[in-house]
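Respectively, the protein sequence lines represent chains R and E. So the first sequence is numbered by the working numbering: it starts at 2 and just counts up by one. So the second sequence is numbered by the working numbering: it starts at 2 and just counts up by one.
2 protein chains.
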Amino acid sequence: MTVLACDLGGTRMKIGLVRDGHVLAQTTKPAKSKAGLAAALPALKSAWLRQLNKLGIAVSDCGGIAVAFPSLVDLKSGRLRAGYGKYGDAAQVDLSAWARREFKLPLAVENDARMALTGEWKHGAGRGSNNLVMMTLGTGLGTAAVIEGHLLRGPHGQAGVLGGHLTVNYRGRDCTCGNLGCAEAEASTVVLCDLAARLPEWDSSALRQCATLNYAVVFKHADAGDPCALKLREHSLRVWGAMAVNLIHAYDPETVILGGGIMAAQEVILPAVKEYIHRCAHTPWGRVQVVPGQLGDAAALLAAEWLLSEQQGVLR
Amino acid sequence: MTVLACDLGGTRMKIGLVRDGHVLAQTTKPAKSKAGLAAALPALKSAWLRQLNKLGIAVSDCGGIAVAFPSLVDLKSGRLRAGYGKYGDAAQVDLSAWARREFKLPLAVENDARMALTGEWKHGAGRGSNNLVMMTLGTGLGTAAVIEGHLLRGPHGQAGVLGGHLTVNYRGRDCTCGNLGCAEAEASTVVLCDLAARLPEWDSSALRQCATLNYAVVFKHADAGDPCALKLREHSLRVWGAMAVNLIHAYDPETVILGGGIMAAQEVILPAVKEYIHRCAHTPWGRVQVVPGQLGDAAALLAAEWLLSEQQGVLR
Numbered sequence: 002m003t004v005l006a007c008d009l010g011g012t013r014m015k016i017g018l019v020r021d022g023h024v025l026a027q028t029t030k031p032a033k034s035k036a037g038l039a040a041a042l043p044a045l046k047s048a049w050l051r052q053l054n055k056l057g058i059a060v061s062d063c064g065g066i067a068v069a070f071p072s073l074v075d076l077k078s079g080r081l082r083a084g085y086g087k088y089g090d091a092a093q094v095d096l097s098a099w100a101r102r103e104f105k106l107p108l109a110v111e112n113d114a115r116m117a118l119t120g121e122w123k124h125g126a127g128r129g130s131n132n133l134v135m136m137t138l139g140t141g142l143g144t145a146a147v148i149e150g151h152l153l154r155g156p157h158g159q160a161g162v163l164g165g166h167l168t169v170n171y172r173g174r175d176c177t178c179g180n181l182g183c184a185e186a187e188a189s190t191v192v193l194c195d196l197a198a199r200l201p202e203w204d205s206s207a208l209r210q211c212a213t214l215n216y217a218v219v220f221k222h223a224d225a226g227d228p229c230a231l232k233l234r235e236h237s238l239r240v241w242g243a244m245a246v247n248l249i250h251a252y253d254p255e256t257v258i259l260g261g262g263i264m265a266a267q268e269v270i271l272p273a274v275k276e277y278i279h280r281c282a283h284t285p286w287g288r289v290q291v292v293p294g295q296l297g298d299a300a301a302l303l304a305a306e307w308l309l310s311e312q313q314g315v316l317r
Numbered sequence: 002m003t004v005l006a007c008d009l010g011g012t013r014m015k016i017g018l019v020r021d022g023h024v025l026a027q028t029t030k031p032a033k034s035k036a037g038l039a040a041a042l043p044a045l046k047s048a049w050l051r052q053l054n055k056l057g058i059a060v061s062d063c064g065g066i067a068v069a070f071p072s073l074v075d076l077k078s079g080r081l082r083a084g085y086g087k088y089g090d091a092a093q094v095d096l097s098a099w100a101r102r103e104f105k106l107p108l109a110v111e112n113d114a115r116m117a118l119t120g121e122w123k124h125g126a127g128r129g130s131n132n133l134v135m136m137t138l139g140t141g142l143g144t145a146a147v148i149e150g151h152l153l154r155g156p157h158g159q160a161g162v163l164g165g166h167l168t169v170n171y172r173g174r175d176c177t178c179g180n181l182g183c184a185e186a187e188a189s190t191v192v193l194c195d196l197a198a199r200l201p202e203w204d205s206s207a208l209r210q211c212a213t214l215n216y217a218v219v220f221k222h223a224d225a226g227d228p229c230a231l232k233l234r235e236h237s238l239r240v241w242g243a244m245a246v247n248l249i250h251a252y253d254p255e256t257v258i259l260g261g262g263i264m265a266a267q268e269v270i271l272p273a274v275k276e277y278i279h280r281c282a283h284t285p286w287g288r289v290q291v292v293p294g295q296l297g298d299a300a301a302l303l304a305a306e307w308l309l310s311e312q313q314g315v316l317r
């Protein structure tokens, strides 16, 4: 049966139809996440209806809806927790009720990094392993873990997904989560402008002329030898290396999967994180595999069928 | 049935008999761990035989042997990994064969921090919760985690027990494990002398007159206002706070249990770590409980029955 799947990002909604491990249709819409979740639902609904219509599939022939959400999710109630600046109304939106009302379909919802890992585990770079962690280098730093074939969640849905909020610098910068020196507060797109502006090399850097500052821009200017960009790249790779080691030490995986938009520069990031891991991670049993995600934007969508079949008992 | 239990520390072996969640007999011997594990076994055997004899229990009436080991344990083979300076011959010692030969009893072995947590979970400060982490502040920094009623192990026995080797300072000190800036490398008894000697306050500190430098001494001199001791105390409490937050962010527990020899100063450590956690941990669902262990030196011994009944199928 076809499943309606959506990966709600902070900046982009990835919307698709999935069946038997294949994406039948996929489109991307601006998320306008600051306007809230309720405001995003009509666009989501019409995108799905257009996709179904194009493929000649009736809503009544679909099995359910799966949503990947960029924040903590309380699985027991199916409710979303506060969105940290994205989808501020999320805790007040009853997505399951919306799905029943608009589609007469059951709905399952889960954290987006956990769904991306599940997609890679079932259909991508993690196939064949039951011990995996994933780092998603996007606007923030998402993580998730599968240990001994079990998707780690914890009683409050926090286990595995706060890897970007493990302290890597206890004397470090304030993080939005309330902690100090989280990897996300030390090196991520969220803090990139602030990081750059504090460097002495900033004043004379070519980065100052760029309309927006993101890692694609930083890596490009680092390649061209800009000292500020070089420093930002070296610093960020080191923080992500330390974060990867923390995930390995915390969860004991066989494989680390790297994904997210920043991995467009995987020829820079992958060898650097791999070298850091092989130098610093304590794995007397052997070597952790470090691989890029294979599914890109479709990773979380491809977890839709697994999530629905796992959660229908809870959420129907 | 009575179980023979031993908690092999780096400096002390805790040896006892356990039945129905009670310690029937308990004694402590010097471990002489640098001399190796094989060399320690005769003393261990005679201590158990003395205890059994005193209580009038026959070996043939005992159910098995459980050993807590201060290093990583490969559960699949029941073999011990290298002892990191303690019990250097551990990987070559077949403890199960020894137990069969000397006692005709099955043997189970597990990491010591994991056994201490299991003891507290089943019989001590963790009773009634299925989501726990424990920090054992001893010579090094031990940790373990129970998530959703499952003792976390991972495929190589590393999950949960390397919490002292999560990076808290990515620009930090080299750790014996190969990583940089682990909590254990930043603030533990292992590195205390080196930490002290690097402080400018060291030269005029009363700590220089002490025969041995450990946290009991540091806390005593901090109370007396010694500037070097005050700095070491403040620094260590901060590192342990950051480490506790990392455990909470990694494993999503309801309760953090603090144990180990350094917790003799629990009136200093407990409020400081609690304050750090409540200020910095991201737990939108509520507040993590922070409690001292209740079982002291008996914690790992009291896990013996649970471990044996869980592992007999594997190791008999």
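Yeah, the Cβ is synthetic: ideal placement off N, Cα and C, and Gly gets one too.
Determine, for residue i, whether the minimum Cβ-Cβ distance to residues of chain E falls below 8 Å.
i: Asn112(R); result: no
i: Leu138(R); result: no
i: Thr190(R); result: no
i: Asn215(R); result: no
i: His166(R); result: yes
i: Val292(R); result: no
i: Ala245(R); result: no
i: Arg317(R); result: In this prediction, Arg317(R) scores a pLDDT of 36, lower than 50, which makes its location untrustworthy; the coordinate-derived value is nonetheless stated afterwards. No, Arg317(R) lies away from the interface with chain E (no Cβ there is under 8 Å from its Cβ).
Assuming residue i is part of the alpha helix (DSSP H), what are its boundary residues?
i: Ala100(E); result: Leu96 to Phe104
i: Asn131(R); result: Counting along the chain, Asn131(R) falls outside any alpha helix (DSSP H), and DSSP gives it neither H nor E.
i: Lys275(E); result: Gln267 to Cys281
i: Gln159(R); result: Unbroken run through Gln159(R): none, as it is neither H nor E.
i: Cys194(E); result: Leu193 to Ala198
i: Val218(R); result: Tyr216 to Asp224
i: Pro43(R); result: Leu42 to Leu56
i: Ile318(E); result: In this structure chain E extends from 2 to 317, so residue 318(E) is not present and cannot be described.
i: Ala186(E); result: Ala184 to Glu187
For residue i, tell me which candidate among the options has the shortest Cα-Cα distance.
i: Lys30(E); options: Ala36(E), Gly22(E), Lys55(E) and Ala41(E); result: Ala41(E)
i: Lys46(E); options: Gly79(E), Trp99(E) and Thr3(E); result: Trp99(E)
i: Asp62(E); options: Ala44(E), Ala39(E), Leu76(E) and Pro107(E); result: Pro107(E)
i: Leu308(E); options: Ala109(E), Pro156(E) and Gly262(E); result: Ala109(E)
i: Arg80(R); options: Ala198(R), Ile66(R), His151(R) and Ser97(R); result: Ser97(R)
i: Ser237(E); options: Leu18(E), Ala186(E), Asn54(E) and Tyr171(E); result: Ala186(E)
i: Leu271(E); options: Gln290(E), Pro285(E) and Trp286(E); result: Gln290(E)
i: Cys281(E); options: Gly242(E), Cys194(E) and Met264(E); result: Gly242(E)
i: Met136(E); options: Glu306(E), Ala300(E) and Gln313(E); result: Ala300(E)
i: Leu296(R); options: Val274(R), Thr12(R) and Lys123(R); result: Lys123(R)
i: Gly127(E); options: Gly179(E), Leu259(E), Gly287(E) and Lys275(E); result: Leu259(E)
i: Asn215(R); options: Met116(R), Gly262(R), Val74(R) and Ala39(R); result: Gly262(R)
i: Pro201(E); options: Asn180(E), Lys232(E) and Val219(E); result: Lys232(E)
i: His283(E); options: Glu255(E), Ile249(E) and Ala117(E); result: Ile249(E)
i: Ile58(E); options: Asn180(E), Ala117(E) and Val4(E); result: Val4(E)
Report the neighbours of residue i on chain R: residues whose CB is nearer than 8 Å to its CB, in chain order.
i: Asn54(E); result: Within 8 Å Cβ-Cβ: nothing; Asn54(E) doesn't reach chain R, min ~40 Å.
Using a cut-off of 7 Å between C-beta atoms, extract the partners of residue i located in chain R.
i: Arg82(E); result: Pro285
How far does the beta strand (DSSP E) with residue i in it extend, from its first residue to its last?
i: Leu9(R); result: Thr3 to Leu9
i: Gln290(R); result: Gln290 to Pro293
i: Met14(R); result: Arg13 to Arg20
i: Asn112(R); result: Leu108 to Asn112
Which chain E residues sit within Cβ distance under 8 Å of residue i?
i: Glu149(R); result: Arg154, Gly155 and Pro156
Could you work out which residues of chain R lie near residue i, taking near to mean beta carbons separated by less than 9 Å?
i: Gly11(E); result: What Gly11(E) touches in chain R: nothing, since even the nearest Cβ is about 18 Å away.
What does residue i reach in chain E if we use C-beta pairs closer than 7 Å?
i: Tyr252(R); result: Gly155 and Ala160
i: Glu255(R); result: Pro156
i: Cys281(R); result: Gly179, Asn180 and Leu181
List, in order along the chain, the chain E residues whose C-beta lies closer than 9 Å to that of residue i?
i: Arg239(R); result: Tyr171 and Arg172
Compare the C-beta of residue i against all C-beta atoms of chain R and say whether one is closer than 8 Å.
i: His124(E); result: no
i: Leu73(E); result: yes
i: Ala273(E); result: no
i: Leu163(E); result: yes
i: Gly318(E); result: The question about residue 318(E) has no answer here: the residues shown for chain E are numbered 2 through 317.
Give a single yes or no on whether residue i has its beta carbon closer than 7 Å to a heavy atom of the ligand NAP.
i: Thr168(E); result: The model depicted lacks the ligand NAP and carries no ligand whatsoever.
query = Below 8 Å, can you find three or more Cβ-Cβ pairs linking the region 85-92 of chain R to the region 224-232 of chain R?
reply = With the cut-off at 8 Å, the region 85-92 of chain R and the region 224-232 of chain R do not touch.
ask   = Any contact of the region 260-270 of chain E with the region 157-169 of chain R, i.e. 3+ C-beta pairs under 8 Å?
value = No, because fewer than three Cβ pairs between the region 260-270 of chain E and the region 157-169 of chain R fall closer than 8 Å, the two stretches do not touch.
inquiry  = Any contact between the region 184-199 of chain E and the region 138-148 of chain E? By contact I mean 3 or more CB pairs, one from each, below 8 Å.
reply    = With the cut-off at 8 Å, the region 184-199 of chain E and the region 138-148 of chain E touch.
message = Measuring CB atoms only, is the region 9-17 of chain E touching the region 62-77 of chain E, in the sense that at least three cross pairs come out at less than 8 Å?
response = The region 9-17 of chain E is in contact with the region 62-77 of chain E.
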